[in-house]
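Colleague: The structure that follows is given in the form of structure tokens.
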Amino acid sequence: AQRVTQPEKLLSVFKGAPVELKCNYSYSGSPELFWYVQYSRQRLQLLLRHISRESIKGFTADLNKGETSFHLKKPFAQEEDSAMYYCALLSYNQGGKLIFGQGTELSVKP
Amino acid sequence: DTAVSQTPKYLVTQMGNDKSIKCEQNLGHDTMYWYKQDSKKFLKIMFSYNNKELIINETVPNRFSPKSPDKAHLNLHINSLELGDSAVYFCASSRGGSLEKLFFGSGTQLSVL
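Those sequence lines, one after another, are chains A and B. The first sequence begins at 1 in my numbering and counts up one residue at a time. The second sequence begins at 1 in my numbering and counts up one residue at a time.
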């Protein structure tokens, strides 16, 4: 079964601390993975996708096929990073659909 | 200029009623979606349309009927509303399929009493 798991519902860190939001997936093919973010009172928006191998707002995510993980990392968290983060897997069944994880709320304290 | 707009923002209604949520995108995208976010913030796809054609239809009760009059609009009609339908419904669009960046609307919070 295709599935995305974000084991932490809430992650709280202090400003300047490293942060890692965990994401594990289950998919039989070659996965396409994304991180979406929803800041307070804003729309859900794409943060980064693994095919682009990009760093956005200091965040990076590396696909680890051996561990079936796509954890989101940032070396020094900022207060403005506080938001809801969703990991998503693209499933090519039925023309392609995004399967989202349960979301992790990141709270960065001053 | 709002890229993906959905109305209403809030919808409070009684069980058994029929209601619609409208969505419009001005990005010229070919694909539109409806997602449901439950009380635990779990986000799940309901439907996907590409150029007015239904592409994805998840296991959704047939009380939910999407309608796409043109590729810029995807409305969601819900018949005989139930308590369990209470959720936030998000519309989204993308240029192609889900591999492309999805642009989301601000959500419609539906409360069924």
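Even glycine gets a Cβ: it sits at the ideal position worked out from N, Cα and C.
Using a Cβ cut-off of 7 Å, pull out every chain B residue sitting near Gly96 of chain A, in sequence order please.
Modeller: The answer, in chain order, is Gly97, Ser98 and Leu99.
Colleague: I need the boundaries of the beta strand (DSSP E) containing Cys23 of chain A, first residue and last residue.
Modeller: First-last for Cys23 of chain A: undefined, no H or E at that position.
Colleague: Any heavy atom of the ligand ZN closer than 8 Å to the Cβ of Ser98 of chain B?
Modeller: Of the ligands one can find in the structure shown there are none, so the ligand ZN has no counterpart to examine.
Colleague: Can you pull the chain A residues whose beta carbon is under 7 Å from the beta carbon of Ser106 of chain B, in chain order?
Modeller: Within chain A, the residues near Ser106 of chain B are Arg43.
Colleague: Under three-state DSSP, which class holds Glu105 of chain A?
Modeller: If DSSP states are grouped into helix, strand and coil, Glu105 of chain A belongs with the strands.
Colleague: Could one say the Cβ of Ile99 of chain A lies closer than 9 Å to chain B's Cβ atoms, at least one of them?
Modeller: Output row for Ile99 of chain A: interface = yes.
Colleague: Name the chain B residues that come within less than 8 Å of Glu32 of chain A, Cβ to Cβ?
Modeller: Leu99, listed in chain order.
Colleague: Provide the residue span of the beta strand (DSSP E) that contains Ser111 of chain B, from first to last.
Modeller: Start and end: Thr108 to Val112.
Colleague: Buried or exposed: which applies to Val4 of chain B, given that a residue is buried once 16 or more other Cβ atoms fall within 10 Å of its Cβ?
Modeller: So Val4 of chain B counts as buried.
Colleague: Measuring CB atoms only, is the stretch 83 to 91 of chain A touching the stretch 25 to 45 of chain A, in the sense that at least three cross pairs come out at less than 8 Å?
Modeller: Yes, the stretch 83 to 91 of chain A is in contact with the stretch 25 to 45 of chain A.
Colleague: Tell me which residues share the same chain as Leu11 of chain B and place their Cβ nearer than 8 Å to its Cβ, disregarding the 5 neighbours each side in the sequence.
Modeller: Taken in chain order, the residues that qualify are Lys19, Ile21, Thr108, Gln109, Leu110 and Ser111.
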